[in-house]
Structures are given as C-alpha cells and as structure tokens.
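Enquirer:
Number of protein chains: 4
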Amino acid sequence: MVSTGANLYHDTHFAIGLTMHVGSPFADDVQLRKEQIVRIYDIVFDYNVLLSTDAFYREVMKAPEFQRNMSTAEFHYRMGAYVREREKLLGSKRRSVLATAHEFGVPIYTSSPGDSSIGMNVAALALDGNKLSFDVLADVNETAAIVLAAKDGGGRSGVVLIGGGSPKNFVLQTEPQIQEVLGISEKGHDYFLQITDARPDTGGLSGATPGEAVSWGKVDPEALSETVVCYLDGTVGLPLLTAYALANHPPRPHKRLYDRRNELLDSLHRRYKDASEA
Amino acid sequence: MVSTGANLYHDTHFAIGLTMHVGSPFADDVQLRKEQIVRIYDIVFDYNVLLSTDAFYREVMKAPEFQRNMSTAEFHYRMGAYVREREKLLGSKRRSVLATAHEFGVPIYTSSPGDSSIGMNVAALALDGNKLSFDVLADVNETAAIVLAAKDGGGRSGVVLIGGGSPKNFVLQTEPQIQEVLGISEKGHDYFLQITDARPDTGGLSGATPGEAVSWGKVDPEALSETVVCYLDGTVGLPLLTAYALANHPPRPHKRLYDRRNELLDSLHRRYKDASEA
Amino acid sequence: MVSTGANLYHDTHFAIGLTMHVGSPFADDVQLRKEQIVRIYDIVFDYNVLLSTDAFYREVMKAPEFQRNMSTAEFHYRMGAYVREREKLLGSKRRSVLATAHEFGVPIYTSSPGDSSIGMNVAALALDGNKLSFDVLADVNETAAIVLAAKDGGGRSGVVLIGGGSPKNFVLQTEPQIQEVLGISEKGHDYFLQITDARPDTGGLSGATPGEAVSWGKVDPEALSETVVCYLDGTVGLPLLTAYALANHPPRPHKRLYDRRNELLDSLHRRYKDASEA
Amino acid sequence: MVSTGANLYHDTHFAIGLTMHVGSPFADDVQLRKEQIVRIYDIVFDYNVLLSTDAFYREVMKAPEFQRNMSTAEFHYRMGAYVREREKLLGSKRRSVLATAHEFGVPIYTSSPGDSSIGMNVAALALDGNKLSFDVLADVNETAAIVLAAKDGGGRSGVVLIGGGSPKNFVLQTEPQIQEVLGISEKGHDYFLQITDARPDTGGLSGATPGEAVSWGKVDPEALSETVVCYLDGTVGLPLLTAYALANHPPRPHKRLYDRRNELLDSLHRRYKDASEA
Chain H
1 MVSTGANLYH DTHFAIGLTM HVGSPFADDV QLRKEQIVRI YDIVFDYNVL LSTDAFYREV
61 MKAPEFQRNM STAEFHYRMG AYVREREKLL GSKRRSVLAT AHEFGVPIYT SSPGDSSIGM
121 NVAALALDGN KLSFDVLADV NETAAIVLAA KDGGGRSGVV LIGGGSPKNF VLQTEPQIQE
181 VLGISEKGHD YFLQITDARP DTGGLSGATP GEAVSWGKVD PEALSETVVC YLDGTVGLPL
241 LTAYALANHP PRPHKRLYDR RNELLDSLHR RYKDASEA
Chain S
1 MVSTGANLYH DTHFAIGLTM HVGSPFADDV QLRKEQIVRI YDIVFDYNVL LSTDAFYREV
61 MKAPEFQRNM STAEFHYRMG AYVREREKLL GSKRRSVLAT AHEFGVPIYT SSPGDSSIGM
121 NVAALALDGN KLSFDVLADV NETAAIVLAA KDGGGRSGVV LIGGGSPKNF VLQTEPQIQE
181 VLGISEKGHD YFLQITDARP DTGGLSGATP GEAVSWGKVD PEALSETVVC YLDGTVGLPL
241 LTAYALANHP PRPHKRLYDR RNELLDSLHR RYKDASEA
Chain V
1 MVSTGANLYH DTHFAIGLTM HVGSPFADDV QLRKEQIVRI YDIVFDYNVL LSTDAFYREV
61 MKAPEFQRNM STAEFHYRMG AYVREREKLL GSKRRSVLAT AHEFGVPIYT SSPGDSSIGM
121 NVAALALDGN KLSFDVLADV NETAAIVLAA KDGGGRSGVV LIGGGSPKNF VLQTEPQIQE
181 VLGISEKGHD YFLQITDARP DTGGLSGATP GEAVSWGKVD PEALSETVVC YLDGTVGLPL
241 LTAYALANHP PRPHKRLYDR RNELLDSLHR RYKDASEA
Chain D
1 MVSTGANLYH DTHFAIGLTM HVGSPFADDV QLRKEQIVRI YDIVFDYNVL LSTDAFYREV
61 MKAPEFQRNM STAEFHYRMG AYVREREKLL GSKRRSVLAT AHEFGVPIYT SSPGDSSIGM
121 NVAALALDGN KLSFDVLADV NETAAIVLAA KDGGGRSGVV LIGGGSPKNF VLQTEPQIQE
181 VLGISEKGHD YFLQITDARP DTGGLSGATP GEAVSWGKVD PEALSETVVC YLDGTVGLPL
241 LTAYALANHP PRPHKRLYDR RNELLDSLHR RYKDASEA
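Pasting the structure below:
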C-alpha cells in the first residue's frame with residue numbers, strides 16, 4: 001500500500017480518541033480560523049486535534065526504536081503498534097489503517113515522507129537532535145522487490161489506484177525500476193484498476209491511461225484490454241468495490257509482505273546482479 | 001521552487017541533446033511499446049531517451065561530491081552544474097530548469113524524492129553501494145525557513161501553484177510547520193495564486209481552496225479576498241502570466257535563496273528555540 | 001420529466017426490437033464509419049438502427065392524430081402509445097421510458113424539440129407537407145403550471161437533476177416563469193437534488209449551485225441547507241438512489257399529471273390574470 | 001450561429017442601458033435574494049435588470065411584425081433591429097450580439113427556444129393572446145440547408161464549438177439531417193474546433209470527440225486528424241483565438257447567410273426530392 005502521509009495522519013485522530021465532524025464546504029473560513037476550527041472540504045475539527053495528534057506522534061517517535069534511518073514501511077509498521085495499543089486502551093470499535101496494517105503485516109509506503117504533518121513533526125524533532133529519518137531509496141527498492149516477487153513462477157501483479165498523484169506514480173514506477181533501471185527482463189503489471197476524477201487531457205500522471213502505462217512497460221500489453229479506469233469519486237467507488245469483493249470471495253490467507261521485505265529485497269538484488277553481469 | 005522529479009528529469013532530455021516529439025494521445029500504445037516508443041499524453045520519444053538520461057544521471061551521481069546524505073535542494077543545485085556544463089558543450093539555446101536554477105541560486109525541492117526516474121536511479125546506485133541519499137527532513141525545515149525569512153521585518157510571502165498534488169501541499173505546509181509544529185507565531189501566506197484543473201469537491205488537497213487554507217493558517221485571513229484560483233490548463237495559464245509579468249515589471253535583483261539556506265535555517269532554529277522556551 | 005430528445009430516441013431502439021452493443025471508447029472511428037457502425041462513447045450499433053428507428057418515427061407521425069401543433073408532452077404521450085404497442089407485440093421485458101410514461105400519465109417535455117433525431121424527422125416530414133409541429137410555448141407554461149399546482153394548499157415542489165444542460169434550466173425556470181414573468185407570488189422549489197459532473201466554476205447553468213438558484217428565486221432560501229449536489233456519474237448515482245427509494249418507501253398513488261394538464265394550465269392562467277390585475 | 005437564449009438575453013442588458021457587476025461566486029445567496037440581487041457565478045445584478053429586460057422584450061414582441069410563427073433566425077434578426085436602435089439611441093460603444101448579427105446578416109438560431117427568459121416572455125404573451133411562436137422545424141431545415149450550400153461546388157464546412165450542450169448537437173446534427181434523414185449523399189464537416197470543459201467519459205454529447213462524430217457521418221473521416229478539441233475555459237480560449245484570427249487574416253466579404261435562407265432552403269428541398277426519387 002502506498003498512501004500520502006495526510007491520509008494516515010488524519011486517520012490517526014480517531015484512533016487516539018479525537019473527533020472530526022461533518023461540516024460544510026461553504027463555511028466562512030475566516031470565521032473558522034478565528035474560532036480555531038480547521039476544515040478539510042466538508043469535514044471540520046478543532047485545531048487542538050492537530051496539536052494533540054502532533055504531540056502523540058512526537059512522543060512515540062522519541063522512543064529508542066525510532067532513533068535511526070528507516071524505510072517508511074518500517075516506520076509505519078512501528079507506529080502502527082503504538083496506534084493499535086492506544087485503540088485497544090480506548091476500546092475503539094473503529095480500526096485505523098496503521099493499526100490494521102500492523103496487525104496483518106501489510107507494508108505501507110509513502111512516496112513523499114516529508115510532505116504531511118507526520119513528516120513535519122519528524123523534521124521538527126530533527127531540529128532537537130532526534131535521530132529518526134526516512135530511507136526513501138529503500139522504499140523505491142522494496143516496492144520494486146514486492147512486484148518482482150509477485151511475478152515469480154508465473155505469478156501476477158496488479159495495481160489498484162484510488163485517486164492519483166504521487167502515490168499512483170510510485171506504485172507504477174515499480175516496473176520501470178525493474179526493467180529500465182535495474183535491467184531485469186519483465187513485461188509489466190497484469191491488472192490495472194483506477195478510480196479517479198483525473199482526466200488524461202491535462203497531461204499529468206494522475207489521469208494517464210493504462211494505454212500510456214503500456215508504452216512505458218508499466219502494464220503488460222496483453223493485459224491492456226482488461227484494464228479499468230472508473231471516473232468516479234473514490235468515496236463512492238471504493239465501498240462499492242469492497243462490498244462486492246467481500247460478498248463474492250472468501251477470505252484469503254494473509255501474505256504478510258511486511259515480514260518478507262528483506263527476503264524480497266535480497267531476491268531483487270540477486271536478479272539485478274545477474275542482469276548486470278549478463 | 002517545489003517540483004516533481006519527473007518534471008526535472010524529462011526537462012533534462014533536451015539539455016543533454018536528446019529529443020522528444022509531438023505525438024497523439026490516441027496512439028496505439030501496444031504498437032508503441034513494440035516499437036520502443038514511450039508516450040506522455042501527446043509527447044512521444046524513444047525508449048533510449050530514458051536509458052541515456054538514466055545513464056547520464058547515474059554517471060554524475062557517482063562523483064565524490066554526491067557521496068552523502070543531502071537535501072533535494074542541494075542535490076538539484078549540484079546536478080544543475082553538470083546539466084549546465086552539458087548544455088554549454090552542446091551549444092543548446094534552450095535552457096533547462098536545473099541549469100537555470102543553478103545559475104541563479106534558486107533552490108529546487110521535490111516533496112517525493114524517491115518518486116521519479118531520478119529517485120529510481122539513486123535507489124539502483126544504492127544497491128551498488130553508492131552513498132547518495134536524500135535528507136527529506138532538511139527539505140521540510142529549509143522550505144519553512146525560507147517562508148519565515150520572507151516575513152522578517154514586515155515582509156510578505158506568496159505561493160504560485162501550477163497544478164496541485166504533493167508539491168502544492170509541500171509549499172503550503174510551510175506555514176503549519178512554522179505555527180502548528182514549531183510553535184512560532186505567524187499568520188499565513190500573503191498571496192495565493194493557483195492555476196489548476198482540480199476542483200474542491202473531490203475533497204483532495206489539489207483542489208482545496210484558499211479559503212480552506214485560511215482555516216489551517218496557511219493563508220492570512222486578511223489576504224483571502226485577493227487570492228486567485230484559475231481553473232485552466234497550466235500550459236495556457238503560465239505563459240500568459242509570464243508574458244504579462246515580463247512585459248509589466250522590470251527585472252528584480254536575484255534573491256539567491258540557495259546560497260542563504262544555512263543562514264535561514266539557523267534563524268528558523270533560533271525562533272523555534274525561543275518559541276519552545278516561551 | 002424533461003429529457004433531451006436523444007435520450008428518448010435511443011431508448012426507443014430497444015422498444016422496437018433493435019439492439020445496441022457494448023463497445024470501446026477507444027475504437028478506430030474511421031474504421032467504424034467504413035463499416036457503418038455508429039458510436040456513442042462506449043456503445044456501438046449498426047447505422048441501420050438509426051434508419052429503422054427513423055422510419056418507425058416517421059411512419060407513426062404521419063397518422064392523423066399527429067397532424068397539428070402540440071406540446072412535446074402531448075407528442076411524447078401519443079408516441080408512447082405506439083411504442084408500448086410495439087413492445088407488447090415483441091414481448092419485450094424491458095420497458096421504454098416513452099411507453100412507461102404513457103402508461104402512468106407522466107408528462108415528458110423536451111426543451112429543445114428540434115434538437116435530436118426525433119426533431120430531425122419531424123422537420124423532414126414538414127418538407128413533405130406533414131402538419132406536425134411543436135408548441136414550445138405550451139411546454140413553458142405547462143411546466144410552470146405543474147409547479148404552481150404542486151404548491152397549492154401548502155404543497156411542495158422539488159427538482160431532481162441528472163446531468164445538466166438545457167433540461168436543467170428548463171426545469172428550474174418554472175419558478176422565474178411564475179414569479180418574474182407572470183408576477184405570481186412564490187418562493188421557489190423546496191427540494192433540489194443534482195447528480196452531475198458539471199462544476200460551478202465554468203459559469204454555465206449545468207454546474208450552477210443551488211445557492212445561485214436561490215438568488216434567482218428558483219429555490220426557496222429556507223430550503224438551501226437541505227439541497228444536494230452530488231458530483232457523480234449519473235449511471236452510478238441514479239441506480240443507487242432508485243434502489244434506496246424503492247427499498248425504503250412503499251409505492252405512492254400515481255399523480256397522472258399528464259391527464260391534468262389543461263386543468264393546471266387554467267389555474268396558472270387565472271393566477272396570472274389575478275396577479276396582473278392586482 | 002447557434003446560441004442558448006440565455007446568452008442572447010443577458011447580452012441584451014448592456015444594449016438597453018442596464019448594468020451587471022463583478023461579484024464573487026462565494027457570496028451569501030440567501031442575503032442576495034433578500035436584497036434582490038441575482039447571481040450568475042461571479043456576476044451580480046439587480047433583479048430589476050431582469051424585469052426591465054423582460055419588459056423590453058415583451059413590448060417589442062407585441063409589434064405586428066411578430067404576430068406569427070417564425071424560425072428563431074427570423075425572430076433574432078427582427079429583435080436585433082430593435083436592439084440596435086436602442087444601442088444607437090444610448091450611444092453605447094459596446095455592441096450586442098443580436099444587433100451586430102442583424103447588421104451583418106448573420107442568422108442566429110437557438111435549439112431550445114422555450115428555454116430562457118426570452119422564451120418565457122413569449123410564452124407569457126401567448127397566455128394574453130399574442131400570436132408569436134417559434135418554428136423549430138424551420139430551424140432544423142435551415143441549418144441543414146446552410147451546411148449543404150457550403151458544400152456546393154467542392155466547398156467546405158466547419159463547426160466552431162464554444163462549450164457544448166444542446167447548441168453543439170444542433171450544429172452537428174446538420175450532417176445527419178442531410179445524410180441519414182433526408183438521404184442526400186454527403187461526407188461530413190471538414191473542420192471541427194471545440195473549446196470546452198466537457199470530457200468524453202461522461203458519455204454525453206457535450207464531451208463527445210470528433211472521432212465519435214466521424215462514426216455518425218458528422219465529420220468527414222479524412223478531416224479527423226486535423227480536428228481540434230481544446231479543454232479550456234471559453235472565456236480564455238475564444239479571445240486568444242479571435243485575436244489570432246484578426247491579426248493574421250484580412251477581413252473577408254460578409255456571406256449574409258440570413259438574407260439567403262429561402263434560397264438555401266429551396267436548394268435543400270430540391271436535393272431532398274432528387275434523393276427521394278433516386
């Protein structure tokens with residue numbers, strides 16, 4: 001999973017007992033600012049929600065286990081343990097993404113680790129001498145390794161894209177990292193499903209079609225006719241898709257890819273060496 | 001300046017003598033892939049353009065000056081020197097962004113340093129033992145320091161946003177980094193101009209209005225009535241704006257913010273300490 | 001109901017035993033044209049489907065009952081009887097809009113009666129001396145009369161807008177017709193629900209907000225906070241809404257507004273006279 | 001020219017000495033309604049502007065020359081004479097569309113004559129016994145006749161589409177009216193230029209591509225590669241295009257198509273008879 005930091009940060013509010021409220025996108029923002037109310041489109045919450053969440057993250061990130069450079073997958077996994085503990089303490093019925101991903105060993109990456117309140121707090125701690133920092137190169141190689149491993153023995157890989165932006169590119173660049181940069185022979189992802197409002201004509205990657213991805217080797221040409229782009233709000237499309245999947249498919253064993261990161265990275269390294277020497 | 005790596009990477013093609021061509025967004029991408037032609041909406045180019053640009057970046061990034069952790073501003077500045085040299089050698093009339101920013105001391109940040117062919121090549125080199133890596137926390141603090149310095153002595157700051165995505169948030173989060181995270185008293189940016197196709201109703205940050213930014217302290221409430229959002233293709237809006245600015249304003253002395261990074265960061269650090277002790 | 005002629009025309013294909021097929025929006029249209037295949041986004045069908053439907057409409061419209069000027073509601077009602085008969089003959093399970101509206105006395109208006117294959121065929125028949133023509137002024141007054149009647153005795157009116165365009169304006173202009181033009185005291189529609197992809201910022205009526213409608217008297221200011229605009233594809237939003245309505249509300253008696261047109265129009269006329277003389 | 005009635009109606013405000021003002025799309029519409037201010041996105045004006053313009057139209061439309069059924073081209077041409085007279089009287093420097101089109105014999109059609117304040121006022125007058133009504137079938141045949149005449153002797157036709165909606169379809173259906181409905185052999189428009197925000201994926205005609213139009217015979221397949229769709233706000237695109245055209249091309253003699261309507265219609269009629277008998 002690749003997410004912006006903002007999605008993970010704001011999801012944490014609920015996990016640590018804070019609340020957000022339904023508001024209006026047409027609110028008077030000058031008035032909101034005066035009353036210390038923060039707005040995200042039609043969601044409103046108290047400025048203290050930010051301050052409390054910041055304090056939570058900073059407190060946890062001072063722990064000894066965070067005093068080093070690590071991939072964002074490791075960072076999110078370690079944070080997830082603390083978030084989960086807090087959820088249990090509060091008896092919360094709602095499960096946060098970080099805590100759930102921790103429990104099931106799902107690695108969560110972010111392509112822009114400095115770009116969010118999480119990154120901002122890590123940066124502030126760094127001014128104080130804290131040793132936590134992000135290994136973005138590990139993120140690039142680990143995500144490529146996960147894709148390459150999926151292909152082993154005739155396996156298949158696919159991408160599910162809710163929205164667009166930097167996370168979309170980060171997920172898709174796994175194939176060029178394997179083929180174009182590391183020189184390993186590969187054909188592209190086998191499945192491509194995007195739910196987005198971004199249209200191709202702006203020329204940006206958010207709206208780039210599966211066809212364009214084929215021209216880069218990101219998607220297997222033979223898979224193109226089965227790719228799907230759905231121009232829909234993700235808050236409508238994802239629940240429909242999820243309900244359908246849960247209703248039509250029994251649970252599958254967890255892959256626990258987080259636990260296998262080193263093994264997969266070693267395999268990528270070997271394939272890269274083989275390709276370089278060929 | 002905050003840019004995606006992709007914009008900087010593809011701009012480099014021209015600087016090192018490679019070419020891209022006008023194509024069609026309706027091309028047959030399976031055929032393009034067969035013929036090793038890569039497409040970005042209505043731009044097409046040979047796959048070798050990627051391989052040659054990758055080789056250029058990797059060769060430069062093996063130099064001793066790149067064998068350490070650095071902010072993306074420093075990385076782009078140092079790369080810019082090599083790109084500029086290559087442009088001079090080729091007698092190119094066209095000036096790349098990296099080379100021009102190097103010459104005029106304009107710091108260029110990227111909010112997602114692993115997310116682009118540049119980041120992919122740095123990651124590949126890391127598998128070989130190369131020591132270059134990105135200090136994303138420095139990026140966060142340096143950009144906040146630049147904004148805080150602009151405000152000194154009653155100065156003003158502004159943001160010009162072409163498009164949206166992670167770079168938009170990274171530019172705007174400078175104010176919450178100053179106020180919410182570092183606890184320094186501040187009021188928000190004084191100018192906000194966005195040219196984008198992203199609408200507010202999707203709820204994402206790309207289309208978030210200046211009003212929403214006011215509720216976060218990103219934009220000064222008193223400046224709200226003068227903010228501008230222009231729903232227009234950036235390739236139409238930016239040239240119009242640039243032509244207008246060049247025609248109506250004499251050149252100003254360069255600020256050379258890149259050269260002043262350490263000084264500005266020291267100042268941010270002091271203000272943070274003062275605020276923490278208050 | 002206000003519909004474009006195109007929606008009613010293409011819906012008729014199924015009613016008279018013709019078929020349309022799932023295709024691709026990325027088809028080669030020059031090739032399609034050569035093979036006499038017509039495309040509407042991702043729907044394809046044989047050119048003969050148009051010719052046969054044209055022939056069906058022309059044949060019916062030569063009947064004596066169509067040899068005069070009439071409102072589009074009357075035209076669609078009368079056509080609906082023929083379409084229904086054909087459906088019964090074919091034993092079709094699928095019910096067309098025209099036939100169903102005929103059966104339940106739902107008046108269907110079109111705001112642009114010349115703009116569609118239906119209008120084109122009526123125009124062609126006129127070249128041959130056929131006497132059918134459209135009374136667009138009756139459409140304007142009848143739709144206003146329906147709204148005014150809904151308000152009688154403290155009743156309420158509402159608009160459900162799937163898409164935008166001319167039909168949206170035609171539905172909403174009923175209130176200005178009552179208030180601004182006929183001078184009858186009224187406050188605006190009580191409910192406003194739109195499912196559309198049209199955003200306000202283009203300045204057109206398709207994306208105009210309920211708020212803008214309030215400033216015109218089209219929507220009751222007191223109802224504004226309950227209005228809904230849903231930026232969603234109608235093919236997703238309408239089925240969700242319909243399923244919800246059918247699951248949560250028992251059937252209601254039919255209003256058969258078509259049958260009451262003259263009575264409602266008389267009432268509008270009286271109220272207009274009263275207002276003029278006041 | 002095919003326009004909505006709304007564009008022509010609101011353009012008339014200036015011609016008869018009324019004013020509209022720059023406002024904000026974020027105004028409080030309930031307050032605006034209380035103060036009798038009407039809003040169109042970021043334009044605001046007094047409710048009396050509507051009442052005065054309505055009165056102007058109604059007064060003119062009571063004249064003997066309007067006491068019959070006529071095409072919208074004739075209606076707009078005749079109205080244009082009155083609007084022009086008023087402009088002269090007021091010494092207005094600004095020229096309205098109706099007055100200018102009258103002067104140069106440019107026929108203006110509307111595809112939805114009942115759908116606008118103009119149509120609403122005509123409908124209200126009809127309740128009083130006024131005899132003016134719209135001949136929508138004449139509109140359909142006249143527009144087809146203009147296109148067919150453009151093709152005579154190897155001539156060429158083209159469409160310039162600013163926006164979309166019903167006017168777009170009305171302009172494009174001229175070719176199916178000629179080919180599919182009247183059975184006259186023809187190949188489609190030679191030029192297609194659209195400036196719009198409507199994307200193809202919604203499936204509507206507003207965003208339908210020139211390719212889709214080729215599959216219908218609306219655009220000549222051989223012309224497809226030269227068609228242009230520009231996803232841009234018309235208020236930006238049209239001035240750029242107009243300035244370019246005026247700067248790069250000397251004035252051409254006026255075609256005065258309005259004056260030639262009967263002749264062109266006769267020619268269409270003859271070609272239709274010939275085709276029917278073949």
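Line by line, the protein sequences are chains H, S, V and D. Numbering-wise (our numbering), the first sequence opens with residue 1 and increments by one. Numbering-wise (our numbering), the second sequence opens with residue 1 and increments by one. Numbering-wise (our numbering), the third sequence opens with residue 1 and increments by one. Numbering-wise (our numbering), the fourth sequence opens with residue 1 and increments by one. For each residue, glycine too, the CB sits at the ideal point set by N, CA and C. Since this is a predicted model, take the numbers as computed values, not measurements.
How would you list, in chain order, the residues of chain D whose beta-carbon sits under 7 Å from the beta-carbon of Tyr41 of chain H?
Expert: Under the 7 Å cutoff, chain D gives no residues; its nearest Cβ is about 15 Å from Tyr41 of chain H.
Enquirer: To which residues does DSSP link Gln194 of chain H through a beta bridge?
Expert: According to DSSP, Gln194 of chain H bridges with H:Leu161 and H:Val229.
Enquirer: Quick one: does Gly204 of chain S have its CB under 8 Å from some CB of chain H?
Expert: It does: the Cβ of Gly204 of chain S has a partner Cβ on chain H nearer than 8 Å.
Enquirer: Is there contact here, the segment 219 to 238 of chain V with the segment 232 to 243 of chain H, by at least three beta-carbon pairs under 8 Å?
Expert: Taking 8 Å as the limit for Cβ pairs, the verdict is that the segment 232 to 243 of chain H does touch the segment 219 to 238 of chain V.
Enquirer: List the DSSP bridge partners of Val122 of chain H.
Expert: Answer is none; Val122 of chain H lacks a bridge partner.
Enquirer: Determine, using beta carbons only, whether Ala101 of chain V and Met1 of chain V come nearer to each other than 8 Å.
Expert: Result yes, Cβ atoms of Ala101 of chain V and Met1 of chain V sit closer than 8 Å.
Enquirer: What does the Cβ neighbour count give for Glu65 of chain H, buried or exposed, with the cut at 16 atoms within 10 Å?
Expert: By the 10 Å Cβ count, Glu65 of chain H comes out exposed.
Enquirer: Residues of chain S with CB closer than 7 Å to the CB of Val236 of chain D, please, in chain order.
Expert: Near Val236 of chain D (Cβ distances below 7 Å), the residues of chain S are Leu232 and Val236.
Enquirer: Hey, out of S:Ala145, S:Pro167 and S:Thr242, whose CA is closest to Ser157 of chain S's CA?
Expert: Residue S:Ala145 is the option with its Cα nearest to Ser157 of chain S.
Enquirer: Output yes or no for whether 8 Å exceeds the beta carbon distance between Ala73 of chain D and Tyr109 of chain D.
Expert: Taking 8 Å as the Cβ cut-off, Ala73 of chain D and Tyr109 of chain D qualify as a contacting pair.
Enquirer: Taking Ile40 of chain H as part of the beta strand (DSSP E), name the residues at either end of that continuous run.
Expert: Note, Ile40 of chain H: beta strand (DSSP E), Ile37 to Ile40.
Enquirer: If you drop the 5 nearest sequence neighbours on each side, which residues of the same chain put their C-beta closer than 6 Å to that of Ser117 of chain D?
Expert: Once the five neighbours on either side are set aside, the close Cβ partners of Ser117 of chain D are Tyr9.
Enquirer: Kindly indicate which three-state DSSP category Phe134 of chain H falls into: helix, strand or coil?
Expert: In this structure, Phe134 of chain H counts as strand in the three-state DSSP scheme.
Enquirer: Per DSSP, Phe45 of chain V is paired with what?
Expert: DSSP output for Phe45 of chain V lists V:Val38 as bridge partner(s).
Enquirer: With which residues is Asn69 of chain H paired in a DSSP beta bridge?
Expert: In the DSSP output, where bridge partners are listed per residue, Asn69 of chain H has H:Ser133.
Enquirer: Alpha carbon to alpha carbon, how far is Ala15 of chain H from Arg94 of chain H?
Expert: Each residue's alpha carbon lies about 7 Å from the other.
Enquirer: Looking only at its own chain, which residues have a Cβ that is under 6 Å from the Cβ of Pro200 of chain H, when we skip the five neighbours before and after it?
Expert: Excluding positions up to five away in sequence, the list reads Gly207 and Thr209.
Enquirer: Could one say the Cβ of Arg33 of chain D lies closer than 8 Å to chain H's Cβ atoms, at least one of them?
Expert: False, the Cβ-Cβ gap to chain H never drops below 8 Å.
Enquirer: Buried or exposed for Phe104 of chain H, please, with buried defined as at least 16 other CB atoms from any protein chain shown within 10 angstroms of its CB.
Expert: Its Cβ having fewer than 16 others within 10 Å, Phe104 of chain H is exposed.
Enquirer: Leaving out five residues before and five after Ser52 of chain H in sequence, what residues of the same chain have Cβ atoms less than 8 Å from its Cβ?
Expert: Hits under 8 Å: Ile16 and Leu18.
Enquirer: Below 8 Å on the Cβ atoms is my guess for His189 of chain H versus Asp220 of chain H; work out the distance and round it to an integer in Å.
Expert: Right, their Cβ atoms sit about 7 Å apart.
Enquirer: First and last residue of the alpha helix (DSSP H) that includes Lys273 of chain V?
Expert: Counting along the chain, the alpha helix (DSSP H) containing Lys273 of chain V begins and ends at Arg261 to Glu277.
Enquirer: Are the Cβ atoms of Leu127 of chain D and Asn141 of chain V separated by less than 8 Å?
Expert: In this structure, Asn141 of chain V lies closer than 8 Å to Leu127 of chain D by Cβ.
Enquirer: Give me, in chain order, the residues of the same chain whose beta-carbon lies closer than 7 Å to that of Leu224 of chain V; leave out the 5 immediate sequence neighbours on both sides.
Expert: Here the set comprises Pro210, Gly211 and Val214.
Enquirer: With a 10 Å radius around its C-beta and 16 neighbouring C-beta atoms as the bar for buried, classify Gln67 of chain S as buried or exposed.
Expert: Flag for Gln67 of chain S reads exposed.
Enquirer: Would Phe56 of chain H count as contacting chain S if we go by Cβ distances under 8 Å?
Expert: Judged by the 8 Å Cβ criterion, Phe56 of chain H is not in contact with chain S.
Enquirer: Is it true that the segment 240 to 249 of chain S meets the segment 69 to 84 of chain V, where meeting means three or more beta-carbon pairs spaced less than 8 Å apart?
Expert: Touching, no, given that fewer than three Cβ pairs across the two stretches are closer than 8 Å.
Enquirer: Does DSSP put His254 of chain S in a helix, in a strand, or in coil?
Expert: Correct three-state label for His254 of chain S: coil.
Enquirer: Which residue from D:Ile178, D:Leu205, D:Leu264 and D:Thr4 puts its Cα closest to that of Ala6 of chain V?
Expert: Checking every option, the nearest Cα to that of Ala6 of chain V belongs to D:Leu205.
Enquirer: Alpha carbon to alpha carbon, how far is Lys88 of chain S from Thr12 of chain S?
Expert: If I take the Cα positions, the gap works out to 13 Å.
Enquirer: Drop a sphere of 10 angstroms on the beta-carbon of Arg252 of chain D, count the other beta-carbons inside from all chains shown, and report buried for 16 or more, exposed for fewer.
Expert: It is exposed - the Cβ of Arg252 of chain D has fewer than 16 other Cβ atoms within 10 Å.
Enquirer: Under 8 Å, do Tyr258 of chain S and Ile184 of chain S count as touching if we go by C-beta distance?
Expert: Not in contact: Tyr258 of chain S and Ile184 of chain S (Cβ atoms no closer than 8 Å).
Enquirer: Looking at Gly119 of chain V and Val136 of chain D, is the spacing between their C-beta atoms short of 8 Å?
Expert: In contact: Val136 of chain D and Gly119 of chain V (Cβ atoms closer than 8 Å).
Enquirer: Counting only beta-carbon atoms, is Ala73 of chain H nearer than 8 Å to chain S?
Expert: No, its Cβ sits nowhere closer than 8 Å to a Cβ of chain S.
Enquirer: Apart from the five residues just before and just after Asp42 of chain D, which ones in its own chain have a Cβ nearer than 7 Å to its Cβ?
Expert: Here the set comprises Val22, Gly23, Ser24 and Pro25.
Enquirer: If you run the structure through DSSP and keep just helix, strand and coil, what is Val83 of chain V?
Expert: In this structure, Val83 of chain V counts as helix in the three-state DSSP scheme.
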